[in-house]
Amino acid sequence: MAEQYEDRLRRVIQYIFDNPAGDLSLDALADIAAMSRFHWHRVFVAMTGETCAQAVRRVRASRASHDLVQADLSMDQIAQACGYDNRQSFDRLFRKQFGISPAAFRKAGQLGVAEFILRQGNEAMFDVTIKDLPSQRLAGMPHKGAYMEIGQVFEQLAVIASTRGLWPEICGMVGVYYDDPDAVAEKDLNSFAGLILPAPVKMPDDCKELSLAAGPHAVLTFKGPYSGLRAAYQYLFGAWLAASGREPASEPVYEVYLNNPREVPPEELLTQICLPLKS
Numbered sequence: 154m155a156e157q158y159e160d161r162l163r164r165v166i167q168y169i170f171d172n173p174a175g176d177l178s179l180d181a182l183a184d185i186a187a188m189s190r191f192h193w194h195r196v197f198v199a200m201t202g203e204t205c206a207q208a209v210r211r212v213r214a215s216r217a218s219h220d221l222v223q224a225d226l227s228m229d230q231i232a233q234a235c236g237y238d239n240r241q242s243f244d245r246l247f248r249k250q251f252g253i254s255p256a257a258f259r260k261a262g263q264l265g266v267a268e269f270i271l272r273q274g275n276e277a278m279f280d281v282t283i284k285d286l287p288s289q290r291l292a293g294m295p296h297k298g299a300y301m302e303i304g305q306v307f308e309q310l311a312v313i314a315s316t317r318g319l320w321p322e323i324c325g326m327v328g329v330y331y332d333d334p335d336a337v338a339e340k341d342l343n344s345f346a347g348l349i350l351p352a353p354v355k356m357p358d359d360c361k362e363l364s365l366a367a368g369p370h371a372v373l374t375f376k377g378p379y380s381g382l383r384a385a386y387q388y389l390f391g392a393w394l395a396a397s398g399r400e401p402a403s404e405p406v407y408e409v410y411l412n413n414p415r416e417v418p419p420e421e422l423l424t425q426i427c428l429p430l431k432s
């Protein structure tokens, strides 16, 4: 249960400390955690309060600060041993972390206080249930960029549904989110806006078909504006997942929109966050 996720986090943190000059990419750390890249970073952020990249920068800077004072190594040797690409990036990132240059830090001759992961309390809580959901056939379009801008794709789908008389056949609206916005640049985020369309209905020519797999899902129903969904994700991938004893499957998380922002005020919007789980 919670111990499984604690072990993963401790294993990853120890790996970063032991291999500051190694491959500390998100893919590599997900492999160490033995978890799908789809979900590992969300779990890490929700449980530690920092991104994997922030953790790597913090640990590398801490290691460099120790070597600057305690080791008889050149600046270039320290930069290389601590995983910095070159002396320039070492100087820039070290200054960003400690507020002074590596040379000034070495001259001062004092070790700074190590920075540790500090996860803040007072986390919002939400009801989560485990449901066996059926497979779903989506007719939709991909979106690349900020997730909050996926609405423009849904507007395109709404035009198609209206002009082709598809609304009586549509069973819902779904957004599929492939990337973690804490790990991927906003312009590179990939998502998919889809309409649930039963199998007998012909797929519209301008739409791509996407299938959502059947199986157990953790389902969190969030009430409120879409801008508040981040807190729900933090709870789902942090406190709930650690206590549940369940593991996320490799499929991406998706959202089901239960009402229409054109018809209800933001505080009345209902969104189901669906996280596929391993059986």
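Letter by letter, the sequence shown follows residues 154 to 432 of our numbering. All residues carry an ideal CB built from backbone N, CA and C; glycine is no exception.
Sub-9 Å separation of I323 and S397 beta-carbons: Taking the sequence shown and counting its residues from 1, the one referred to as residue 323 is at position 170. Taking the sequence shown and counting its residues from 1, the one referred to as residue 397 is at position 244. At least 9 Å separates the beta-carbon of I323 from that of S397.
For V312, the three-state DSSP class (helix, strand or coil): Reading the sequence shown from its first residue, position 159 is the one you call residue 312. DSSP, reduced to helix, strand and coil, places V312 within a helical segment of the structure shown.
Alpha helix (DSSP H) segments (min. 4 residues) lying fully within the region 173-197: As far as the region 173-197 is concerned, its whole alpha helix (DSSP H) runs of at least 4 residues are 179-186.
Three-state secondary structure assigned by DSSP to D285: Taking the sequence shown and counting its residues from 1, the one referred to as residue 285 is at position 132. DSSP, read as helix, strand or coil, puts D285 in strand.
Where the beta strand (DSSP E) containing L363 begins and where it ends: Here residue 363 corresponds to residue number 210 of the sequence shown, with the count starting at 1. L363 -> beta strand (DSSP E) spans 361-365.
Distance, A384 Cα to P419 Cα: Position 266 of the sequence shown, counted from the start, is the residue given in the question as residue 419. Position 231 of the sequence shown, counted from the start, is the residue given in the question as residue 384. Rounded to the nearest angstrom, the two C-alpha atoms are 16 Å apart.
Sub-9 Å separation of A234 and L226 beta-carbons: Counting from one through the sequence shown, the residue named residue 234 turns up at place 81. Counting from one through the sequence shown, the residue named residue 226 turns up at place 73. Less than 9 Å divides the Cβ of A234 from the Cβ of L226.
Through-space distance from I231 to E203, alpha-carbon basis: Along the sequence shown, one-based indexing puts residue 203 at 50. Along the sequence shown, one-based indexing puts residue 231 at 78. Between E203 and I231, the C-alpha separation is close to 25 Å.
Nearest to D285 (by Cα), restricted to the options D184, A366, D180, W320: Within the sequence shown, numbered from 1, the residue matching residue 285 stands at position 132. Considering only alpha carbons, the answer is A366.
Whether F490 touches A187 by CB criterion (9 Å): Given that the chain is displayed from residue 154 to residue 432, the structure contains no residue 490 and the question cannot be resolved.
Span of the beta strand (DSSP E), counted from its first residue to its last, around Y330: To locate residue 330, count along the sequence shown from 1; it is residue 177. Start and end: 326-330.
DSSP beta-bridge partners of C427: For the purposes of this step, residue 427 is identified with residue 274 of the sequence shown, where counting begins at 1. Per DSSP, V372, Y407.
Boundaries of the beta strand (DSSP E) in which F345 is found, first to last residue: As a working note, residue 345 is residue 192 in the sequence shown. Counting along the chain, the beta strand (DSSP E) containing F345 begins and ends at 343-349.
Closest by C-alpha distance to R216, when choosing among F243, H192, S403: Taking the sequence shown and counting its residues from 1, the one referred to as residue 216 is at position 63. Ranking the options by Cα distance to R216, first place goes to F243.
Beta-carbon proximity list for V281, same chain, < 6 Å, skipping 5 on both sides: Residue 281 sits at position 128 when you count from the first residue of the sequence shown. Closer than 6 Å at the Cβ level, and outside the excluded window around V281, lie A371, L373, W393.
Neighbourhood of K361 by C-beta distance below 6 Å, restricted to the same chain and skipping five residues each side: Locating residue 361 in the sequence shown gives position 208, counting from the first residue. Nothing listed; no residue qualifies.
Same chain, Cβ closer than 6 Å to I270, neighbours up to 5 away in sequence not counted: The count along the sequence shown starts at 1 and reaches residue 270 at position 117. Bear in mind that a pLDDT of 48 at I270, under 50, signals an unreliable position, so the number given afterwards is only what the model happens to contain. Non-local C-beta neighbours of I270 in its own chain, meaning closer than 6 Å and more than five positions away in sequence, comprise T201, ordered along the chain.
Cβ-Cβ separation, T424 to Y379 (assumed contact under 8 Å), whole Å: Counted from its first residue, the sequence shown places residue 379 at position 226. Counted from its first residue, the sequence shown places residue 424 at position 271. That belief holds up - the Cβ atoms of Y379 and T424 are roughly 7 Å apart, short of 8 Å.
Host alpha helix (DSSP H) of F279 (start-end): Along the sequence shown, one-based indexing puts residue 279 at 126. Per DSSP, F279 belongs to no alpha helix (DSSP H) and is neither H nor E.
Strand pairing of K297, partner residues [DSSP]: As a working mapping, residue 297 is identified with position 144 in the sequence shown. N343.
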